[in-house]
Amino acid sequence: MQTPSSLNQLLRRGDVWRGRRALRLGDVRPSGFAELDRHLVGGGWPLGALVEIGAPRLGSGEWLLLSRSLRDSAAEGGYLLLVNPPALPCGAALAQLGIPLERLLVVRASQRNELLAAVLEGLNAGCIRLLLFWESRRALSYAELRKVQLAASHGHSLCIALSTGSMRSHSPAALRLALQPRRAGAQVYIRRQRGGDAGLQVTLPWPANWALRTFDESAGLPLSSAQQQARPPVAAAVLPLEAPG
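All residue numbers in the sequence shown are consecutive under the working numbering, ending with 251.
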């Protein structure tokens, strides 16, 4: 039988939802997009919880969506941890987004158990303000994601899982978003959020310095006119990652 103390401990866990309890002030970090924040419970990204973002391919607007959060997290004095990025971070592009490189940590994980261990250790470190990890071909199981959600609930970090291709049907994430690049901007679809409405959709306009791009209808991506010539430097703003070599 549950005692009052053990029940209270259970209810304090971040992976236990108590009806439509609203998030307290300070439990969220603004996304930097007022229209999106109006639809998110508490008015921003949930802290101490797992957020899942799915996109059809890399460069679908994920860096646009997360740029403000990356800057704000670094400004708080903590570190940004990228686990298993699909390519090398591009310093010039990250600097263009206002992200200080001295606050950036990158971890490579060749196996799924290494990916999980890196994420859990990062969440338990106490100095990571934002942890962003890519699942790609090493997708975590539901049980493993539960461990991530539980570890996130013990801290105050923003923890985001990025995946490409089809999103899993079930996930313990507190917030699940689907990204789709459109001509007008990055379309954000709220698939699920704990204690809030789902099925909502917001389009984030491409920044003005991306306006010179043409749109590849077949890929659904904003591309540099470098499809005809050389890619201009501004192209790095779309995907602050670059292939090695």
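The C-beta atom is built at its ideal place from N, Cα and C for all residues, glycine as well.
Query raised in the report: Considering R198, what are the terminal residues of the beta strand (DSSP E) in which it resides?
Result: As a working note, residue 198 is residue 192 in the sequence shown. Segment G191 to Q199, the beta strand (DSSP E) holding R198.
Query - Cβ neighbour criterion (16 or more within 10 Å) applied to L29 - result: As a position in the sequence shown, residue 29 is number 23, starting the count at 1. For L29, the predicted structure reports a pLDDT of 46, less than 50, and the residue's modelled location is therefore unreliable. A value from the coordinates is still provided. Counting Cβ neighbours within 10 Å, L29 comes out buried, since at least 16 surround it.
Report task. With a cut-off of 8 Å on the beta carbons, I'd call A101 and L94 a contact; round off their distance for me. Result -> For the purposes of this step, residue 101 is taken as the residue at position 95 of the sequence shown. For the purposes of this step, residue 94 is taken as the residue at position 88 of the sequence shown. Going by Cβ atoms, the distance from A101 to L94 rounds to 15 Å, so no, they are not a contact pair.
Query raised in the report: What three-state label does DSSP hand E127 in the structure shown?
Result: Here the question's residue 127 lines up with position 121 in the sequence shown. Of the three classes helix, strand and coil, the one that applies to E127 here is helix, per DSSP.
Query raised in the report: In its own chain, which residues sit with a C-beta less than 7 Å from the C-beta of A158, not counting the 5 before and 5 after it?
Result: Along the sequence shown, one-based indexing puts residue 158 at 152. Closer than 7 Å at the Cβ level, and outside the excluded window around A158, lie G20, G54, A55, L56, L129 and C165.
Query raised in the report: When DSSP labels each residue in this structure, what does S224 get in the three-state scheme?
Result: Position 218 of the sequence shown, counting from 1, holds the residue named residue 224. For S224, the predicted structure reports a pLDDT of 45, less than 50, and the residue's modelled location is therefore unreliable. A value from the coordinates is still provided. Correct three-state label for S224: coil.
Query raised in the report: For W140, which residues does DSSP report across the bridge?
Result: On the sequence shown, residue 140 is found 134 positions in, with the first residue counted as 1. Its beta-bridge partners are L168.
Report task. Below 8 Å CB to CB, which residues in the same chain sit around Q117 once its five sequence neighbours on both sides are set aside? Result -> If you number the sequence shown from 1, residue 117 lands on position 111. Cβ within range, chain order: R144.
Report task. Report the residue from S147, A61 and R77 whose alpha carbon sits nearest the alpha carbon of L110. Result -> Sequence index remark: in the sequence shown, residue 110 carries index 104 (1-based). For L110, the nearest C-alpha among the options comes from R77.
Report task. Using three-state DSSP, classify A217 as helix, strand or coil. Result -> On the sequence shown, position 211 is the one that residue 217 refers to. For A217, the pLDDT reaches just 48, beneath the cut-off of 50, and the residue's location in the model is therefore unreliable, although a value from the coordinates is still provided. DSSP places A217 in coil when its eight states are reduced to three.
Query raised in the report: Helix, strand or coil for W51 per DSSP?
Result: As a working note, residue 51 is residue 45 in the sequence shown. Looking at W51 - three-state DSSP - the assignment turns out to be strand.
**Report entry** Run of the alpha helix (DSSP H) containing Q117, from where it starts to where it stops
**Finding:** Taking the sequence shown and counting its residues from 1, the one referred to as residue 117 is at position 111. Note, Q117: premise wrong, no alpha helix (DSSP H); not H, not E.
Requested in this report: Pair every Cβ in the region 118 to 127 with every Cβ in the region 58 to 73, then say whether three or more of these pairs are closer than 8 Å.
Outcome: no
Query raised in the report: Hey, out of P213, P187, H45 and L181, whose CA is closest to S6's CA?
Result: Nothing can be reported for residue 6: it is not among the residues displayed for the chain, which extend from 7 to 251.
Report task. Within 10 angstroms of the Cβ of S230, are there 16 or more other Cβ atoms? Answer buried if so, exposed if not. Result -> Locating residue 230 in the sequence shown gives position 224, where the first residue counts as 1. Low local confidence applies: a pLDDT of 41 at S230 is under 50, so the model's placement there is unreliable, and no value is given.
Query - Three-state secondary structure assigned by DSSP to L46 - result: The residue given as residue 46 occupies position 40 in the sequence shown. L46: coil per DSSP, three-state reduction.
Query raised in the report: Based on Cα-Cα distance, which residue from V208, I134 and L185 lies nearest to I59?
Result: Taking the first residue of the sequence shown as position 1, residue 59 is located at position 53. Ranking V208, I134 and L185 by Cα distance to I59 puts L185 first.
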